[in-house]
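A quick write-up on the structure given underneath.
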Amino acid sequence: MLDCGMHMGFNDDRRFPDFSYITRNGRLTDFLDCVIISHFHLDHCGALPYFSEMVGYDGPIYMTHPTQAICPILLEDYRKIAVDKKGEANFFTSQMIKDCMKKVVAVHLHQTVQVDDELEIKAYYAGHVLGAAMFQIKVGSESVVYTGDYNMTPDRHLGAAWIDKCRPNLLITESTYATTIRDSKRCRERDFLKKVHEAVERGGKVLIPVFALGRAQELCILLETFWERMNLKAPIYFSTGLTEKANHYYKLFITWTNQKIRKTFVQRNMFEFKHIKAFDRAFADNPGPMVVFATPGMLHAGQSLQIFRKWAGNEKNMVIMPGYCVQGTVGHKILSGQRKLEMEGRQVLEVKMQVEYMSFSAHADAKGIMQLVGQAEPESVLLVHGEAKKMEFLKQKIEQEFRVSCYMPANGETVTLPTSPSIPVGISLGLLKREMAQGLLPDAKKPRLLHGTLIMKDSNFRLVSSEQALKELGLAEHQLRFTCRVHLHDPRKEQETAMRVYSHLKSVLKEHCVQHLPDGSVTVESILIQAAAHSEDPGTKVLLVSWTYQDEELGSHLTSLLKKGLPQATS
Amino acid sequence: MDPECSQLLPALCSVLADPRQPVTDDTCLEKLLDWFKTITEAGSSLLLLQENPCLLGLLCHVLKPQDLSPRVLAFSLRLAGMLAAQEDCFQYLQQGELLPRLFGEAGPSALDSVPAEPRFLLSLPLSPTPGAVDTIFSLQGDSSLFVASAAGQLLVHVLGLSLQGPAEGHPGLQTGDWPVCAQKIASHIEESLRSAATPQITQALNVLTTAFGHCHNPWTQVLWVRLSPLVASLLEKDPVPAAHSLVDLLLSVARSPVLSSSSCGLWETLAQTLSHLSPTQAGPLALGILKLQECPQALRAQAFAVLLQPLTCVLEATAQAPGLLGMLLPEGGRVQEGSPRGSWARPCLAPHGRHLTWPQNSWVVMRACTTCWFPTQDRHTLASRLGASRLCDRGRATAPAVLVLEGRVLHLSVSGPRELVTQVFAVLLEYLTSPDSSPTVLKKAFQATFRWLQSSPETPGCSDLDPHAQLFLRDLLPVLPKRLCSPCWEVRDSGLEFLTQMIGRWGGQAGFRHALLASEVPELTEQLLRDPESYVRASAVAAMGQLSSQGLPLTPASPEHPGGQQSLLAELLHILSTDSEGFPRRAVMHVFTQWLRDGHADVARDTERFVARVLQVASRDLDWEVRAQGLELALVFLEQTLGRPSSHCPYAVTPPVAAPPSPLAQAPRPLCRVQLFEFAFRALFDCDRPVAQKSCDLLLFLRAQTASYSGPQGSGSVPEVASVEAALQRWQAGEQGQPLGYLEPEVVVAVLRSMDLEGLRGALAESSDRVEKSPRSLLQDMLATVGALGEDEADCY
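Given below as structure tokens:
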């Protein structure tokens, strides 16, 4: 199973996948060899503790080391938000998250992991977020690459996704930005910095609601560098203790970040910020400008919502939403332009502060997706994680440019792909020697027909000579002959008819050995022809033709020849 | 319906009907349906339609041929179905010819949208016409598994519906007398069962499983009598097609009260199936049979034999050649020649990559052990046969194998022969000591060991462990240090969890204490307080807390550690104030609360100082669960100072009469000294709701307790009260800068009396979440989103 995510838009069972489609009564572990998690975002891993601890999957779970480290933090974060709300029954507990994480097998990049006798997986760097990976899944000679979410352009702290020319049978790729050619990331960053700068210059306070990990770190690096360059004095705060922890992980997994960060790491650690300090609740009332990163990212509870309420009434202030918000949350409401919000107890909060949306999500755009398809050279492509209309466009583009089939199944839809797996077959020495004895040297460019008996035993395939097969299997040989009767109009005696047949064949089949035997029958290789009188019609003779399996082609040819009749005798 | 919603609804309906304004977020449509469902369940659907003509307008609009999104079409059909579920509303819609047009003539076009929105299939108010049924048949083979599955369920609905009335009460009625529609479905299933294609057989089996699982009417018997020969004939094929579905069907038939009681050859079919299926396929069936309440003894025995078959093979093999198992399980897991039934035993034994499939049926066996009733002799056979598991694993054990043992442990402990009991713990010990055991196996082995110890009988008249367990402990304790030093955090953590459980259960018993203290376990546990992995630190905190609770000295008083206990308190406080992760801090709060509750010696030495320090640290914590736990601790302290609340619910408001009268006059003073009020008031305005709610409950309890407190008269006029109230108001407004400092009890009591805590509690209950979930908010959001979001949608979490 590739990824095990949740839908944040629902507060009931609908937030998790319906696993009963895998099996209703059986045990899940019997149906799945393993679960692979591509990265720590909740739409990719949010249902994992539910799946392993509540639904009962008991098999291995694979993910990269950073994902293994960060995943429980986000799950814990989300659990707390869910518990904070009412009526959140059927949700996993802290202990379940831990027990689930104990089932995880962490993998390194480019390490081939043998899941079982047949299945092997291998992770490739995907950019997107710290620890994100694409996975190649291989069984025998057939393989699938699953991209998860990826980014083909490096950003401030991560590199670009990369995969080798692995030519999988199928590439399953995300298609979030299937039709977009994103404006350069630099532009978006400049825009963001300009907005923050303007707000701070006019003495306003800037609130940036974020989730603990991921985008927050990127924005921190951005602001830190800008503050340094512009020599700005306004304080920047990060509201939870999570930066510390998050930055700890970025330090720990420095090899997963981009080259620039790794290079400068020796002189200065990019994640140790000079300008960004821990936030205390009391600071929100301090006069003067400031920038605050606060959780959670959708303004639906906790600290970010509290600060928002405090600052919303002042038009000098600004809130920048750097990510998607689900329906119902304050974040969603202000992004859709609502300015009068109903809060608890029918209180109405008037939002006068500036509301901005800044997308920093790191997905590959259409160009990036095409680039990856070009890199991996798959036999076919399957688009997921996107909108049908946009996928349709990309699908056509892929099919035109790469001449491969591209699929975009809806949820729950099955796609069947024909593949031609190559199955290794052993060949016996005896058989090879016999072939060699025929004097033809093997030529890699010319495929050659080889007769033998294929033995399938203990999931092994071997090609041996039929004699050897008989011996090995303890079987007796049976001779099989094909027979056919051909009626000829010929009033002469049988011997004479046979003679006529002999001379006719002798003249037609020059390359074959045609013989007339003393008993009156005619042979061509293994084919035997005898002439007999017709029981009812004396003017007709019956030719009895029989041949072995080996001469089947010749036998058929010969009978069709005889059926055309014999040439008129030139007495 | 709320008038404001009624006002918003027409605008929303026109948005939905407009293909140029696509609804990008389909969760909104789902939530909208949820809302209509609550309305229709609570009141009249007809009234809803009449009061909101825009809904009817939407339904009519859907009928027009246009470029409507499948989402909106599906939404409208589901809505129509929901409304038509009420008789009068059905008539109303029928009069307007809306239903026939939606689901009749427009049927094919409506069904076109199925692949996009399969769920609406289930809300179709189908008048079971043969034409519609044909469409459903074809949808059974849809490439979308949602559609296919919904179509199957729908067939069962239609079948049930068409047999309502005439056939329902007459078991004697043959299928030939059924309504056309029902006959058509029965023939379709029959045809599918005869088919050579496995997917079709699977579909038919699934439909039957659903039918027999949900309907227990007499007609199900008629259907089964007609179809059972066909089902049985599936067994004649090799391999048996759709074996999983077949097992499901047979079990569902066996569980049906209508079918299992009748003599329609069910038991014979079950027996036949058990012998025809491959061992892995037969396993779940056998388990299901053992769970049946009434079932012939012979069949039960057969099922039992199926479950134990792998073990029988192992035993036979080992009996014939004692060294055979070594050969059976070389590194590659390939069976060598010479095993009598080797080829059979192999799938049961061979390690299969990382997770051994030993035996494929072991899961089933384990389930059988733990959940089914076995006659005594069976239990003994099982126990002795399972002994083989030790032979075949040799430390390469897998989770299922340990689970088997776990099940066995539970059963043997009830009435097992001594010898076997000992054998079990030898097996467990082997898992625990083996260097090859994976973290998962170790975790399960630890759990099984704890259960084993827990269920071992205590020697009568003595509080100590059973001698066997003592023996085991002697062997076990040397294992634990190795596990606590494991490079895998999973193993260290499981080891600590096990240790905590052990101390909690046997910490008071001399034998255990002695053995534990003689080992290096306590010292290692203490070192794990500084583990790099936060989960491990948290578990170490719990274990150390438990050790200390039981009065077990951590380290012998040495010159380096004068008074080990005292230093633990300091160490835990240090963790609480400095650890960067929430788990260890939460664990510390749990330990402290427990210590306070139990009157732990170090806490009792100066309880007030302890509580004051803990609350001070907890109030600054960024993790709301730590703050909430701080309130829990405050409550325990409160109970100890003021007396327990009479109700079993700790937060219930206790009437004043229930409080003990005497200490009241003095009571608030210690609370003031530990600055509990400052902590609670701060928590009252916490941005995280659970903390605020908990604090509100605590203060309400406190106010009730101090209701009869009579401090200096007219305390309301004391200037301090006004200043505290002003400070609290600022806090409520979000400014939490200045502390309150020490408060006199009378000031606190006066402030408590003047506060509208009930009002606050009500406001907290009506959280922003309620606003988020309200239908008005939903309608507003949907209207506001039109054209506003667009590109943002693509941006995921």
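Sequence order for the protein chains is A and B.
Be aware that the first sequence starts at 357, since it is given in the numbering used here, and climbs by one per residue.
Be aware that the second sequence starts at 713, since it is given in the numbering used here, and climbs by one per residue.
Even for Gly, the Cβ is constructed at its ideal location relative to N, Cα and C.
Owing to the predicted nature of the structure, the values given are computational and were not obtained by experimental measurement.
With 16 as the cutoff for other CB atoms within 10 Å, does residue i come out buried or exposed?
i                  : result
Thr503 of chain A  : buried
Lys745 of chain A  : exposed
Ser899 of chain B  : exposed
His345 of chain A  : Since the first residue shown for chain A is 357 and the last is 927, residue 345 of chain A is missing from the structure and cannot be characterised.
Met508 of chain A  : buried
Arg571 of chain A  : buried
Asp960 of chain B  : buried
Cys1104 of chain B : The predicted model places Cys1104 of chain B with a pLDDT of 37, which falls under 50 and marks its position as unreliable; any figure quoted below should be read in that light. Result: buried.
Arg1394 of chain B : buried
Thr915 of chain A  : buried
Glu706 of chain A  : exposed
Asn767 of chain A  : exposed
His466 of chain A  : exposed
Based on the DSSP secondary-structure assignment, which residues constitute the bridge partners of residue i?
i                 : result
Tyr533 of chain A : A:Asp721
Tyr763 of chain A : A:Leu738
Ile564 of chain A : A:Phe649
Val391 of chain A : A:Ile417
Val500 of chain A : A:Ile493 and A:Leu526
Trp903 of chain A : A:Phe838
Gln470 of chain A : A:Glu476
Ile783 of chain A : A:Leu819
Tyr481 of chain A : A:Ala489
Using a cut-off of 9 Å between C-beta atoms, extract the partners of residue i located in chain B.
i                 : result
Phe817 of chain A : Ordered by position in chain B, no residue passes the 9 Å Cβ test against Phe817 of chain A, which lies about 17 Å from the chain.
Lys551 of chain A : By Cβ distance, chain B contributes nothing, its closest Cβ being about 16 Å from Lys551 of chain A, past 9 Å.
Glu769 of chain A : Pro827, Asp854, Ser855, Ser856, Leu857, Phe858 and Val859
Quick test of your reading: residue i and residue j, contact by CB under 8 Å. State the CB separation rounded to the nearest angstrom.
i                 : j                 : result
Ala860 of chain B : Leu851 of chain B : 7 Å
Leu526 of chain A : Glu735 of chain A : 7 Å
Ile564 of chain A : Ile676 of chain A : 5 Å
Leu810 of chain B : Cys766 of chain B : Not a contact, Cβ separation roughly 14 Å.
Val439 of chain A : Phe448 of chain A : About 10 Å; that fails the 8 Å criterion.
Leu875 of chain B : Ala844 of chain B : Leu875 of chain B to Ala844 of chain B, Cβ: 16 Å. No contact.
Gly864 of chain B : Gln915 of chain B : 6 Å
Which residues in chain A have a C-beta closer than 9 Å to the C-beta of residue i? List them in chain order.
i                  : result
Ala1143 of chain B : A small correction: the amino acid at residue 1143 of chain B is Tyr; Ala does not occupy that position in the sequence shown. Chain A residues near Tyr1143 of chain B: none, gap ~16 Å exceeds 9 Å.
Thr1152 of chain B : Asp414, Pro416, Lys458 and Lys459
Chain B partners of residue i, CB-CB under 7 Å?
i                 : result
His688 of chain A : Asp1493
Ala668 of chain A : Within chain B, no residue comes near Ala668 of chain A; the closest Cβ sits about 12 Å away, beyond 7 Å.
Gln851 of chain A : In chain order: nothing, as chain B lies at least about 54 Å away.
Whose Cβ in chain A lies nearer than 8 Å to the Cβ of residue i?
i                  : result
Glu742 of chain B  : Phe366 and Arg370
His869 of chain B  : Those within 8 Å of His869 of chain B in chain A number zero; the least Cβ separation is about 18 Å.
His956 of chain B  : Thr379 and Gly382
Glu1337 of chain B : Lys436
List the residues of chain A that residue i touches, going by C-beta distances under 7 Å, in chain order.
i                  : result
Lys1155 of chain B : Lys458
Glu1484 of chain B : His656, Gly684 and Thr685
Cys1007 of chain B : Within chain A, no residue comes near Cys1007 of chain B; the closest Cβ sits about 18 Å away, beyond 7 Å.
Ser972 of chain B  : Correct list: empty, because the minimum Cβ distance to chain A is about 17 Å.
Quick one: is residue i near chain E, going by C-beta distance under 9 Å?
i                 : result
Tyr804 of chain B : Structure shown: chain E not included; protein chains present are A and B.
Which complete beta strand (DSSP E) runs does the region 871 to 922 of chain B hold, if anything under 3 residues is left out?
none
List, from N- to C-terminal side, the alpha helix (DSSP H) runs of 4 residues or more that fit wholly inside the region 913 to 999 of chain B.
930 to 945, 955 to 967, 969 to 973 and 978 to 988
Within the region 671 to 721 of chain A, note down every full beta strand (DSSP E) run reaching 3 residues or more, in order along the chain.
674 to 677, 696 to 698, 704 to 706 and 710 to 713
List, from N- to C-terminal side, the beta strand (DSSP E) runs of 3 residues or more that fit wholly inside the region 817 to 896 of chain A.
837 to 845, 870 to 872, 878 to 880 and 883 to 889
Could you name each continuous alpha helix (DSSP H) segment of 4 residues or more that falls completely within the region 1302 to 1331 of chain B, going from the start of the chain to the end?
1313 to 1317 and 1319 to 1331
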